[in-house]
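Chemist: Quick one: structure below, then a few questions.
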Amino acid sequence: MNELKMFGMPIQFCEESQKLVPANDTIHYEDYSRKYSKGMFGLLADAAYKVEDNPYYDFYKAIVEDNTKEIFQSTDLRYDSTVIIEGTAGGEYKKTAGHFHMPIPGQSISYPELYQVIKGTALFVMQKVDDYRKEDGSMQVQDVILTKVEAGESVVIPPDYGHCTINIGAETMVFINLVSCHSTNYYDSVKRHAGMCCYAFRTPDGGFRIEKNPRYEFVCEPRLTAPTDSAVCGLEKNVPVYRSFLKDPQKYNYLNDPATAADAMFSLLKTL
1 MNELKMFGMP
11 IQFCEESQKL
21 VPANDTIHYE
31 DYSRKYSKGM
41 FGLLADAAYK
51 VEDNPYYDFY
61 KAIVEDNTKE
71 IFQSTDLRYD
81 STVIIEGTAG
91 GEYKKTAGHF
101 HMPIPGQSIS
111 YPELYQVIKG
121 TALFVMQKVD
131 DYRKEDGSMQ
141 VQDVILTKVE
151 AGESVVIPPD
161 YGHCTINIGA
171 ETMVFINLVS
181 CHSTNYYDSV
191 KRHAGMCCYA
201 FRTPDGGFRI
211 EKNPRYEFVC
221 EPRLTAPTDS
231 AVCGLEKNVP
241 VYRSFLKDPQ
251 KYNYLNDPAT
261 AADAMFSLLK
271 TL
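Quick note on the UniProt record's numbering: the sequence shown kicks off at 1 and runs consecutively.
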C-alpha cells in the first residue's frame, strides 16, 4: 500500500488491485466503477483494436470524510477521483472518454472544473469547438490546449471546453476533480467523432507524440500550456486541493459561478 499524501485525506493506493483504499472507516464514496477497453470502443485512434478486457480507468464519485460531508453539501461541490491504469491500446495512451459540460441553467456558458494530479503524469486535452451539440457534420476546433501535469500540479478546465485526461506516464495515474454538483456531462459529439480532437501515442523512448483526429475540422494548431498556481482559483503546487478547499470553501465559488473568476481561469492557459 502506498499512501497518497496529495489526496488530502488518508487514502492509499494498492499496486496489486490498482485501486484506492481508504485508510479508515470514516471515508466513503457515493459510487465506484471500472471501465474496460470494450467501453472505449469507438473512442480510440485504432478502430481495429478489439481487446475487450484491458482495464482502463476507475472512477470514485463524491469521496468525502464523515466530518467534511456537510461542507461539500453546503457549497454544492463534489470531490471525485479517477485512476487511469498504465498502458496503451493500439499504441495510444490510455485516457478517459472525454466530454463537454452542459450550459449552466439560464446562462450561455458551462461549468468549469478543477483537476489536480495526485500520482503519475497526465496530459489534459481541452478543446473549444463551434458547436459541441451539433448532430451532423464535423465539429470545428477553434482552440485546443494540451497541458502536461505532474503530481502536485493542478489545472482548471474553463467554461465551454471539452476535455479528457490521458495517462502519459509509466505508472498508474491518480487525479482528483472538484466540480459543481449541478454540472452534467455531454458525451455524444465526442463519441460521434471517435474521441477528442487529439490522440497521444507512446514513442519508443517512453515519451508521447500527438496526432490530430481527422474527423474534426481544425482552424487552429494545438498549443501547449504549463500548470500555473493561482491564488484566485485556489491552486498551489504540492498543496492538496482538498485541504485548501476545507480551509476556505468560498474561494471555490467560481466552480458554480464562473463569471466571478473568468479572467483568472483563462490567464492560466498561456501558450508556452
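Yeah, the Cβ is synthetic: ideal placement off N, Cα and C, and Gly gets one too.
Below 8 Å on the Cβ atoms is my guess for MET9 versus TYR216; work out the distance and round it to an integer in Å.
Modeler: If you number the sequence shown from 1, residue 9 lands on position 9. If you number the sequence shown from 1, residue 216 lands on position 216. At roughly 39 Å, the Cβ-Cβ gap does not stay under 8 Å, so MET9 and TYR216 are not in contact.
Chemist: What's the C-alpha gap between GLN116 and VAL51?
Modeler: Your numbering for residue 116 matches position 116 in the sequence shown. Your numbering for residue 51 matches position 51 in the sequence shown. When rounded, the distance between both Cα atoms is 30 Å.
Chemist: Any idea which residues DSSP pairs TYR115 with across the strands?
Modeler: The residue labelled residue 115 in the question sits at position 115 within the sequence shown. The partner list for TYR115 (beta bridge, DSSP) reads VAL155, ASN177.
Chemist: Where does LYS212 fall in DSSP's three states?
Modeler: Residue mapping note: residue 212 aligns to position 212 of the sequence shown, counting from 1. Residue state, collapsed to three classes: strand.
Chemist: Assuming ALA194 contacts ALA48 under a Cβ cut-off of 8 Å, what Cβ separation, rounded to an integer in Å, is found between them?
Modeler: As a working mapping, residue 194 is identified with position 194 in the sequence shown. As a working mapping, residue 48 is identified with position 48 in the sequence shown. No, ALA194 and ALA48 are not in contact; Cβ-Cβ is about 12 Å, not under 8 Å.
Chemist: Could you tell me whether the segment 22 to 31 touches the segment 59 to 72, using the rule of 3 or more Cβ pairs below 8 Å?
Modeler: A contact exists between the segment 22 to 31 and the segment 59 to 72.
Chemist: Using a 10 Å radius around the Cβ and a threshold of 16 neighbouring Cβ atoms, would you call GLU92 buried or exposed?
Modeler: Working through the sequence shown from its first residue, we reach residue 92 at position 92. Buried, since its Cβ has 16 or more Cβ neighbours within 10 Å.
Chemist: Could you tell me which whole beta strand (DSSP E) segments of length 3 or greater appear in the segment 55 to 104?
Modeler: Qualifying beta strand (DSSP E) stretches, in chain order: 55 to 65, 77 to 84.
Chemist: Under the DSSP definition of a beta bridge, which residues are partnered with THR271?
Modeler: The count along the sequence shown starts at 1 and reaches residue 271 at position 271. BP columns for THR271 point to THR225.
Chemist: Report yes if the C-beta distance between LYS148 and LEU268 is below 9 Å; otherwise report no.
Modeler: Counted from its first residue, the sequence shown places residue 148 at position 148. Counted from its first residue, the sequence shown places residue 268 at position 268. Not a contact, by the Cβ cut-off of 9 Å.
Chemist: Of the choices ALA264, LYS5, GLU211, TYR29, whose alpha-carbon is the least far from that of PRO158?
Modeler: Within the sequence shown, residue 158 is the residue found at index 158, counting from 1. Checking every option, the nearest Cα to that of PRO158 belongs to ALA264.
Chemist: Going by beta-carbon coordinates alone, are VAL83 and MET196 separated by less than 9 Å?
Modeler: The residue labelled residue 83 in the question sits at position 83 within the sequence shown. The residue labelled residue 196 in the question sits at position 196 within the sequence shown. It is not a contact, given that the beta carbons lie outside the stated cut-off.
Chemist: Measure the beta-carbon distance from ASN167 to GLY98 and round it to whole angstroms, keeping in mind my assumption that it falls under 8 Å.
Modeler: As a position in the sequence shown, residue 167 is number 167, starting the count at 1. As a position in the sequence shown, residue 98 is number 98, starting the count at 1. ASN167 to GLY98, Cβ: 14 Å. No contact.
Chemist: Return the chain-ordered list of same chain residues with a C-beta closer than 7 Å to the C-beta of GLU3, the five sequence neighbours on each side being excluded.
Modeler: Position 3 of the sequence shown, counted from the first residue, corresponds to residue 3. Within the same chain, GLU3 has close Cβ partners GLN12.
Chemist: How many Å lie between HIS101 and CYS14 at the Cα?
Modeler: Here residue 101 is taken as the residue at index 101 of the sequence shown, counted from 1. Here residue 14 is taken as the residue at index 14 of the sequence shown, counted from 1. So the alpha carbons of these two residues sit roughly 32 Å apart.
Chemist: Tell me the DSSP bridge mates of ILE11?
Modeler: Taking the sequence shown and counting its residues from 1, one reaches residue 11 at position 11. Per DSSP, PRO22.
Chemist: In the structure shown, what three-state DSSP assignment does PHE201 receive?
Modeler: The count along the sequence shown starts at 1 and reaches residue 201 at position 201. PHE201 falls in the strand class under three-state DSSP.
Chemist: DSSP three-state call for VAL232: helix, strand or coil?
Modeler: Taking the first residue of the sequence shown as position 1, residue 232 is located at position 232. Three-state DSSP puts VAL232 in coil, outside helix and strand.
Chemist: Span of the beta strand (DSSP E) holding PHE124?
Modeler: If you number the sequence shown from 1, residue 124 lands on position 124. Where PHE124 is concerned, the enclosing beta strand (DSSP E) stretches over 121 to 129.
Chemist: Is the separation between the beta-carbon of LEU178 and that of TYR60 shorter than 9 Å?
Modeler: As a position in the sequence shown, residue 178 is number 178, starting the count at 1. As a position in the sequence shown, residue 60 is number 60, starting the count at 1. No, Cβ-Cβ distance for LEU178 and TYR60 is not below 9 Å.
Chemist: If we call anything under 9 Å between Cβ atoms a contact, is ASP160 one with ILE109?
Modeler: As a position in the sequence shown, residue 160 is number 160, starting the count at 1. As a position in the sequence shown, residue 109 is number 109, starting the count at 1. Against a cut-off of 9 Å, the Cβ pair of ILE109 and ASP160 comes out as a contact.
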